[in-house]
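Residue numbers (the working numbering), protein chains in the order written: chain U, 116 to 898; chain D, 116 to 898.
Number of protein chains: 2
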Amino acid sequence: MTKQILSVSNMTKASLLVLSVVLSLFSFIENPNDKGIYVKNSTELNEAIDQANPGDEIIMANGDWNDVQIRFLGYGKEGQPITLKAETPGKVFIGGKSDLKLGGEYLVVNGLYFINGASPSNAVIEFAINEDTVANHSRITNSVILDFNKAQRNETDLWVLFKGRHNQLDHCYIAGKSNRGPTVRIDLAGNQNIKNYHKINNNYFGPRPPKGGPSAETIQLGNSYTSMTPSHTLVAHNFFDRCNGEVEVISSKSNFNEFRNNVFYKSEGSLVTRHGNYCIIDGNYFIGDTNSEQIGGVRLIGTGHWVTNNYFYNLKGKTFRSPLAVMNGIPKSPLNRYIQVTDVVVVHNTWVNCTSPLQFGVGSNVDQKDILPASEIRSERPIRTIVANNLIYSDKGDKQPVVAHDSLDGIRFRNNLINNQGLSFRKLPGVETKDFSLSELEENVLIPANDLSGSALYKGFEFDQITTDLFGNSRAEQNAVGAIVKAPTQKPNLIDISQYGPDWFPLNSDKKDVVKTYSVRSTSQLISAVQKAKQGDTIRLTASKYKLKTPLKIDKHLTLQSADIHKKAIIHYNGAAKTPAFEMNPKGQLTLKGLILKGEKAQYAFASLKNNMSSLYNLTVVDSEISGFDYVLKAYKYSFSEYIQLKSTVITDCANGLELSEETDDKGEYNAENIYIDNCRFKGVGKNVIDYYRGGYDESTVGGNLVVTNSSFTQCGAKEESEILLNTYGIINVNLSGNKFRDNQVKYVARLWGAKNNMHSDNEITNSGELIVEENLPLKLMY
Amino acid sequence: MTKQILSVSNMTKASLLVLSVVLSLFSFIENPNDKGIYVKNSTELNEAIDQANPGDEIIMANGDWNDVQIRFLGYGKEGQPITLKAETPGKVFIGGKSDLKLGGEYLVVNGLYFINGASPSNAVIEFAINEDTVANHSRITNSVILDFNKAQRNETDLWVLFKGRHNQLDHCYIAGKSNRGPTVRIDLAGNQNIKNYHKINNNYFGPRPPKGGPSAETIQLGNSYTSMTPSHTLVAHNFFDRCNGEVEVISSKSNFNEFRNNVFYKSEGSLVTRHGNYCIIDGNYFIGDTNSEQIGGVRLIGTGHWVTNNYFYNLKGKTFRSPLAVMNGIPKSPLNRYIQVTDVVVVHNTWVNCTSPLQFGVGSNVDQKDILPASEIRSERPIRTIVANNLIYSDKGDKQPVVAHDSLDGIRFRNNLINNQGLSFRKLPGVETKDFSLSELEENVLIPANDLSGSALYKGFEFDQITTDLFGNSRAEQNAVGAIVKAPTQKPNLIDISQYGPDWFPLNSDKKDVVKTYSVRSTSQLISAVQKAKQGDTIRLTASKYKLKTPLKIDKHLTLQSADIHKKAIIHYNGAAKTPAFEMNPKGQLTLKGLILKGEKAQYAFASLKNNMSSLYNLTVVDSEISGFDYVLKAYKYSFSEYIQLKSTVITDCANGLELSEETDDKGEYNAENIYIDNCRFKGVGKNVIDYYRGGYDESTVGGNLVVTNSSFTQCGAKEESEILLNTYGIINVNLSGNKFRDNQVKYVARLWGAKNNMHSDNEITNSGELIVEENLPLKLMY
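This is the structure in structure tokens:
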């Protein structure tokens with residue numbers, strides 16, 4: 116779902132969108148330009164900032180502002196802010212090495228568009244100019260930050276860094292962060308930054324691709340070192356669209372934060388109360404996808420959180436990513452590990468068509484106490500926790516709606532109802548079967564069709580403070596189990612994007628061009644077409660042979676295919692040694708179909724850039740043949756691919772296969788999220804047939820996925836030093852099924868990790884060593 | 116200083132006392148008895164409680180109420196509480212196995228006197244009847260809990276246990292707790308107990324003797340497991356009179372507590388922010404004593420505490436007990452250890468005649484990293500901490516007014532002034548020398564005689580919220596460094612006890628009788644006199660010899676002495692084996708002068724009870740001779756003595772000497788606080804000559820004191836299994852000086868602990884093994 120698709124799918128809301136644009140223009144006209152200070156360049160901007168008084172508006176001229184480091188220092192007053200705004204919202208492009216730092220009081224920034232650049236500092240936007248000069252009562256609104264990535268994923272920054280107090284980020288669109296660091300972070304070190312009452316509301320957090328390792332949260336509120344601070348940040352009415360960066364979409368690491376009425380749309384992660392206590396998670400929507408086990412819900416660690424009125428739909432995540440994951444803690448936990456769950460309240464939530472939605476004692480690892488230090492053993496089950504008045508509906512029935520990873524004796528279940536379609540499950544006092552049906556209020560939102568207000572409710576301590584339901588209906592007059600008392604007067608229109616982000620975004624110019632197909636009949640035409648082609652174009656190879664001497668640079672979505680699938684075109688690459696036929700650049704997304712790729716021993720078929728992989732690349736090879744290369748794929752350190760897929764492809768006579776093991780710092784990073792090999796033949800690959808590595812002990816890492824199915828490996832691994840044909844050390848999810856291994860000179864076909872999601876079945880192994888499973892792998896502790 | 120002495124020394128305040136008694140009587144008369152429900156026994160009381168309505172008063176008849184377990188469950192209303200009160204305040208004595216538990220809303224308890232008993236439950240008074248029925252908006256006032264100890268010090272209870280919210284303990288007198296457990300504790304487990312806004316105010320916390328191990332705080336606010344909870348308890352206007360239980364007089368273990376305007380009078384401990392953060396310590400008086408290094412001030416651990424307007428006088432404590440001890444933390448500390456100090460504010464305090472008052476990085480133990488686990492190493496220095504606008508005065512000059520146990524680079528010193536009498540000290544930017552003098556406002560309170568308002572002040576973040584000084588003078592009109600801007604309009608009268616505790620206490624009947632002297636000339640007269648004698652009496656032994664067959668029970672303060680110091684009376688004890696001549700009971704305080712004590716090998720000279728040592732005992736032996744016993748002193752497990760003093764006494768021909776090593780659980784406990792041996796002769800003591808033990812690693816323990824001076828040890832230790840003559844394992848303070856050791860068949864005279872305060876000098880050692888010092892002793896970790 117892209118933003119465009121969303122708006123198309125919500126034509127009924129187009130009128131609202133138009134209306135709000137008109138209103139916005141109107142308000143602009145209301146403040147005639149003579150009130151504003153019009154600036155055309157940095158010098159004028161700085162001068163205007165220096166001289167600004169409360170109530171002043173500084174208007175940045177439309178156009179490109181490159182390499183500007185805006186230091187917006189000013190002292191407005193309540194009701195009379197100093198405003199920095201775009202001449203036309205969305206027409207002021209901040210690019211190059213640019214950033215914006217605010218200091219002072221009552222400042223507003225409106226309508227800027229950060230694109231085609233990166234911050235030269237620690238943040239794109241920061242609510243502080245230096246340690247002693249923070250901003251208070253200031254606001255970033257109606258602005259966009261898009262793909263504003265540093266050159267490599269290991270280079271850290273934030274895109275919006277909150278400091279000070281009473282600051283706000285609202286109606287912004289922020290998407291595409293690939294480099295290390297949360298997208299938005301609240302900094303709480305220093306008394307001037309606590310009790311901040313910041314607001315992050317009505318924003319559209321667009322897709323953040325998986326990073327392949329930690330530190331890719333969309334919002335992080337503090338860190339473990341400041342996790343005792345009172346924060347009081349409000350995150351409300353935001354849309355999180357496929358925020359897949361890492362396991363935590365939101366990582367709350369401070370106290371008294373509130374998360375209200377947000378939509379988590381197919382985001383591969385959870386809202387996690389990682390550190391800090393007493394958070395409120397109320398009235399949020401967690402929308403999953405039947406096809407993804409990565410999409411989570413709420414994961415709880417710590418004390419005193421209230422989880423109320425939330426709606427969980429179609430979530431298939433497990434354990435750490437389960438719809439509700441209440442974790443086990445570490446006894447007397449170190450500050451940066453897992454505090455025991457106590458005094459948590461989970462009341463009036465609804466789970467619809469989720470798998471094993473309620474999980475308790477998640478992360479229990481008592482069985483690993485012999486291989487991990489005591490300070491890593493999560494043996495403390497949740498206590499003094501109440502789970503009451505919740506509603507569960509499973510359309511197919513759920514064998515295990517409540518999962519107990521440890522004893523449940525610290526949980527009080529009261530007056531929860533479940534329709535499990537008659538399927539039996541372990542009975543729990545306080546979880547009662549009830550027959551009721553649902554009706555669709557709108558896409559993704561199913562509400563009880565029956566009146567459930569007759570069912571008894573448990574009245575726990577301060578439950579009377581839950582005054583409304585998910586839709587804002589009062590619970591005083593009529594009340595019921597679950598998040599929903601009755602249908603709302605108005606539908607929520609969850610995926611109506613006009614509710615989130617700037618009203619001017621996306622721009623018309625952002626719209627996708629119509630895709631083209633080029634036919635090339637010579638090497639020079641091929642080279643030219645790869646250069647000229649635009650996002651999504653296809654290049655048909657009509658000749659039988661192409662001779663390349665320099666790499667083809669792939670920096671967009673491209674498909675190369677033989678014109679005639681039955682007469683595969685040959686691409687013969689004889690470039691310099693250690694250079695690739697296809698150089699995968701940031702955002703390069705290459706599909707090869709029906710091609711024969713040949714090297715001359717010293718070359719690589721595919722490789723990432725050695726440096727400056729500011730975004731990920733993807734590679735799909737179908738119905739093709741690859742031979743005569745030093746490496747099939749060489750992924751350099753800091754490069755990352757979300758998908759590498761080989762299908763019905765033959766790989767022969769290469770010194771190395773797929774090399775995805777350059778992240779050797781053992782900090783949880785890895786070089787590719789998903790590697791799918793299906794129906795392929797590997798023959799005569801000397802070593803590193805598949806070499807895929809993730810290092811560092813981090814129980815919350817759920818990534819690295821390798822699926823190898825229906826493929827054959829013959830006479831491979833003759834030069835393998837590790838003695839392992841398919842090396843998957845530290846990868847969490849591995850599936851080797853239906854493969855044939857014959858005459859591979861290795862000790863092990865594979866060494867799988869039993870404690871994780873590593874599986875194998877139906878493999879034929881002949882003269883190829885063993886396929887072994889080790890329950891626990893020794894890994895370096897990261898913390 | 117006892118309460119009586121205080122009131123004598125404050126005759127000027129007697130009129131106020133009278134006035135308040137009169138007012139109290141008047142208010143009682145205002146509520147005529149016909150409004151109250153008069154009850155004479157438990158049955159009537161329970162019935163009255165059952166039937167009570169808002170506004171009702173239940174009046175307990177004067178007299179003894181023994182073995183009553185009052186369950187005060189009721190629901191009063193704001194302005195219409197249900198009151199449980201004494202017919203006459205102080206004349207309702209609750210004794211025996213009694214306790215009081217409150218549940219409900221708006222309850223008041225007034226005028227009860229808990230004495231001569233102990234709680235049969237976990238608390239004497241508890242603001243809860245069970246887990247689900249706590250009290251809110253309830254109050255204990257004008258009451259006394261005195262010596263209400265459980266039978267042994269290892270039996271744990273609390274005297275006042277707070278649960279619920281908005282409860283109050285005020286105008287009470289509480290003293291004498293000897294058993295394990297804080298005197299007052301706030302319990303924060305469970306959401307119904309957080310954000311409690313309890314008040315503990317205007318109480319008189321009378322002497323609490325040292326316990327000889329941990330868990331003897333006067334007030335504990337939470338525990339480490341609930342240290343993330345918001346508490347908001349206010350502790351204000353209390354007097355802490357020699358609250359010596361352990362190193363923490365107040366142990367704050369939760370967040371947002373406030374300590375205001377309390378007087379800590381010669382209390383051997385500190386106000387400690389042990390766990391939890393964001394406490395306010397404002398306007399308190401810490402009064403020390405030139406003769407004690409045990410009296411501390413404020414010790415800080417954690418984040419965001421504000422220490423303002425405090426007055427520290429004559430404090431001589433060191434490191435953990437220094438006037439201001441800002442500790443080092445443990446990296447990523449476990450929940451129950453030492454969180455790093457960050458964001459702390461120490462502003463506008465005054466230190467007068469304290470020794471090395473400001474200490475930072477206290478507890479740094481990086482040099483012990485080879486013998487302690489990493490999780491015990493306090494290597495994290497305080498950071499983001501501001502120390503500003505403070506005033507220091509030293510009448511003799513202080514070589515080291517600021518002590519840096521670690522780097523000071525995390526501390527910002529600004530605009531602090533010191534008068535160090537010209538004595539040089541390590542210069543620190545932000546600590547400036549200033550010539551000024553002090554004048555005595557009243558006893559223990561010295562204020563600047565010069566106007567210091569001309570000195571520059573540092574204006575830090577939110578310093579404007581420090582609106583008044585120690586005396587409540589506004590800082591808006593006139594401001595100055597230190598706690599005091601100018602003299603108050605009225606003197607604080609710090610030690611005017613009428614400001615604290617009940618107005619009716621002490622009762623006239625509590626007054627001490629005139630001490631008597633008995634002369635006894637026979638064994639039967641001796642036995643009779645010991646029984647009849649009252650607290651403080653003296654018994655003169657006029658005969659030359661007394662023959663005892665059963666132990667003399669010592670349960671009060673008694674002196675036994677020879678009538679003629681030059682003709683020592685002989686007490687010959689031939690009771691049963693393993694029985695003592697003098698059986699030291701709880702509160703037994705025995706002084707022997709000029710006596711000869713003889714046993715017949717199998718007996719003990721002195722021993723504690725084997726069980727039920729509900730209070731401590733003390734023993735002093737002067738100018739005497741002890742011989743022929745199995746043990747000179749046998750201290751059983753759970754017994755405790757504050758002082759054991761032997762002076763000018765000869766000990767010969769005993770199988771064992773002083774055995775004070777029964778606390779072998781290694782939880783920090785020990786059997787005696789102070790052992791002083793001076794000018795004594797030990798000869799022919801077979802083993803355990805002095806056997807004194809404290810086990811368990813706990814850096815905050817400061818106890819166990821052994822001083823052996825000018826004494827001789829000859830032909831001792833022949834049967835010693837430990838090979839050590841004077842065994843002091845784990846004792847923090849040891850001083851062996853000027854002694855002669857001759858012909859003792861041991862390997863070591865002593866093995867001292869170099870890292871602690873263990874010293875030796877001028878000892879002559881002949882044919883007696885070695886006296887060695889070990890820098891670090893291996894000790895069992897307690898946490």
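C-beta: ideal position from N, C-alpha, C; glycine also.
Listing by chain order, which chain D residues have their CB less than 9 Å from the CB of residue i?
i, result
"Lys-93/U", "The structure shown does not extend to residue 93/U, since chain U spans only 116 to 898, so no value can be given for it."
Using a Cβ cut-off of 7 Å (strictly closer), state whether residue i contacts chain U.
i, result
"Asp-458/D", "yes"
"Phe-576/D", "yes"
"Asp-793/D", "no"
Got a sec, what are the start and stop residues for the beta strand (DSSP E) residue i sits in?
i, result
"Ser-883/D", "Segment: none, Ser-883/D is in no beta strand (DSSP E) and carries neither H nor E."
"Ile-686/D", "684-688"
"Ala-717/U", "Element bounds for Ala-717/U: n/a, residue is neither H nor E."
"Val-630/D", "Looking at the DSSP string, Val-630/D is not in any beta strand (DSSP E), and its letter there is neither H nor E."
"Ser-756/U", "756-762"
"Met-442/U", "439-442"
"Tyr-746/U", "746-749"
"Tyr-393/D", "Premise fails: Tyr-393/D is in no beta strand (DSSP E) and is neither H nor E."
"Leu-731/U", "Per DSSP, Leu-731/U belongs to no beta strand (DSSP E) and is neither H nor E."
Over the uninterrupted alpha helix (DSSP H) stretch that includes residue i, give me the two end residues.
i, result
"Ile-164/D", "157-166"
"Lys-647/D", "638-647"
So with Cβ pairs under 7 Å, would you call residue i a contact of chain D?
i, result
"Met-874/U", "no"
Could you pull the DSSP bridge partners for residue i from this structure?
i, result
"Glu-547/D", "Leu-532/D"
"Lys-834/U", "DSSP, once it has assigned bridges, lists no residue as partnering Lys-834/U."
"Gly-218/D", "Leu-188/D"
"Asn-225/U", "Lys-200/U and Thr-256/U"
"His-672/U", "Gln-704/U"
"Gly-211/D", "Gly-232/D"
"Cys-769/D", "Val-800/D"
Run down chain U in chain order and give the residues with a C-beta less than 9 Å from the C-beta of residue i.
i, result
"Arg-499/D", "Ala-304, Gly-305 and Asn-306"
"Gly-419/D", "Asn-306, Ile-309, Met-343, Thr-344 and Pro-345"
Exercise. When Cβ atoms are compared, which residues of the segment 303-336 of chain D fall closer than 8 Å to chain U?
Worked result: Within the segment 303-336 of chain D, the residues whose Cβ lies closer than 8 Å to some Cβ of chain U are Ala-304, Gly-305, Asn-306, Gln-307 and Ile-309, listed in chain order.
Exercise. Residues in the segment 363-395 of chain U with C-beta within 9 Å of chain D's C-beta atoms, listed in sequence order?
Worked result: Hits within the stretch, in order: Asn-370, Phe-371, Gly-391, Asn-392 and Tyr-393.
For this session: Could you please tell me which residues of the segment 476-493 of chain D, in chain order, have their CB closer than 8 Å to any CB of chain U?
Result: The segment 476-493 of chain D vs chain U, Cβ under 8 Å: Ser-490.
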